[in-house]
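**Student:**
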Amino acid sequence: MRLILLGPPGAGKGTQAKILVEDYGIPQLSTGDILRSAIAAKTPMGLAAKEVMDRGDLVSDTIVNGIVSERLDAPDCKPGFILDGFPRTIAQAEALSTMLKEKSMELNAVVEIKADVDVLVQRVVSRGKEAGGRADDNEAVLRNRLEVYNQQTAPLVKYYADKGQLKSVDGMEPVETVTASIKAAIGS
Ligand code: AMP
């Protein structure tokens, strides 16, 4: 199963990816998690990405495309993977398509988790207040992340719909209901 989870920040992509990882035995590829690990390890890539991430802007396509291409070559991705937070721009989607062709891999589905923006602000702000919350979870940064999503990532919904690969689920339902909707959408 090769899957992309699409949706605005706070829609539940990470939560759903973690459940699907358990159920399908395939890894979650979160570019956000990989970048946060790079920051924690103070690697040159992490140092370069930190400021951009703290503002809620997007890290360059070159950096994230490189991360994903390398990650897809790991043996645990052989049976499949769940992309969470990538692609986020049309250019990344095009790069992914080329990468997958080169690696003789095919996507099974792109699932859009639809969510209400006001509820998302609430959700993400409360996540930020929890102990050890993320530096990019305060309200001003979140509003920027939503703006960046609307401008740069939302066009992917049409991009994948036009390719006939898009399935949409209601992300405002309880977590288990959303999981069931995703499984129904991907037909397994
Ligand atoms: P996330 O954990 O997916 O919300 O990502 C956190 C932050 O990491 C984003 O706000 C971006 O700054 C950066 N990031 C993660 N994935 C990408 C991506 N595919 N393209 C560009 N920046 C990304």
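FYI, in the working numbering the residues of the sequence shown are 1162 to 1349. All C-beta atoms in this analysis are idealised placements derived from N, C-alpha and C, irrespective of residue type, glycine included.
State buried or exposed for G1173, treating a residue as buried only when at least 16 other CB atoms are found within 10 Å of its CB.
**Tutor:** The residue is buried, with at least 16 neighbouring Cβ atoms inside 10 Å.
**Student:** Report buried or exposed for G1325, applying the criterion of at least 16 other Cβ atoms within 10 angstroms of its Cβ.
**Tutor:** exposed
**Student:** Pair every Cβ in the region 1205–1212 with every Cβ in the region 1238–1250, then say whether three or more of these pairs are closer than 8 angstroms.
**Tutor:** no
**Student:** What are the residues that DSSP puts in a beta bridge with Q1189?
**Tutor:** I1243
**Student:** Between G1186, M1333, L1164 and G1168, which lies nearest to L1307 when the distance is taken from Cα to Cα?
**Tutor:** G1168
**Student:** Answer yes or no: the CB of V1272 versus the heavy atoms of the ligand AMP, is any distance below 7 angstroms?
**Tutor:** no
**Student:** Rounded C-beta distance between I1243 and L1181? I'm assuming under 8 angstroms.
**Tutor:** 6 angstroms
**Student:** Considering Cα atoms alone, identify which of S1265, R1249 and E1300 is closest to Q1312.
**Tutor:** Of the listed residues, the one whose Cα sits closest to Q1312 is R1249.
**Student:** Between the Cα of I1350 and the Cα atoms of D1215, A1178, V1302 and T1259, which residue gives the shortest distance?
**Tutor:** Residue 1350 falls outside the range modelled here, since the chain spans only 1162 to 1349, and no answer is possible.
**Student:** Distance, Cα to Cα, V1318 vs K1290?
**Tutor:** 30 angstroms
**Student:** Do L1268 and I1165 have their CB atoms nearer than 8 angstroms?
**Tutor:** Yes, the Cβ-Cβ distance between L1268 and I1165 is below 8 angstroms.
**Student:** For the ligand AMP, is there any heavy atom lying closer than 7 angstroms to the beta carbon of P1248?
**Tutor:** Result yes, Cβ under 7 angstroms from the ligand AMP.
**Student:** Using 10 angstroms around the beta-carbon of P1316, count the other beta-carbons present and answer buried if the total reaches 16, otherwise exposed.
**Tutor:** exposed
**Student:** Let me know if T1314 comes out buried or exposed under the rule of 16 or more other beta-carbons within 10 Å of its beta-carbon.
**Tutor:** buried
**Student:** Which residues in the same chain have their Cβ closer than 6 angstroms to the Cβ of P1188, if we skip the five residues on either side of it in sequence?
**Tutor:** For P1188, where only same-chain residues beyond five positions count, the Cβ hits under 6 angstroms are D1237 and F1242.
**Student:** So does L1303 have its beta carbon nearer than 7 angstroms to some heavy atom of the ligand AMP?
**Tutor:** For L1303, the shortest C-beta to heavy atom distance toward the ligand AMP is 7 angstroms or greater.
**Student:** Would the region 1215–1224 count as touching the region 1245–1263 if we require 3 or more Cβ pairs under 8 angstroms?
**Tutor:** yes
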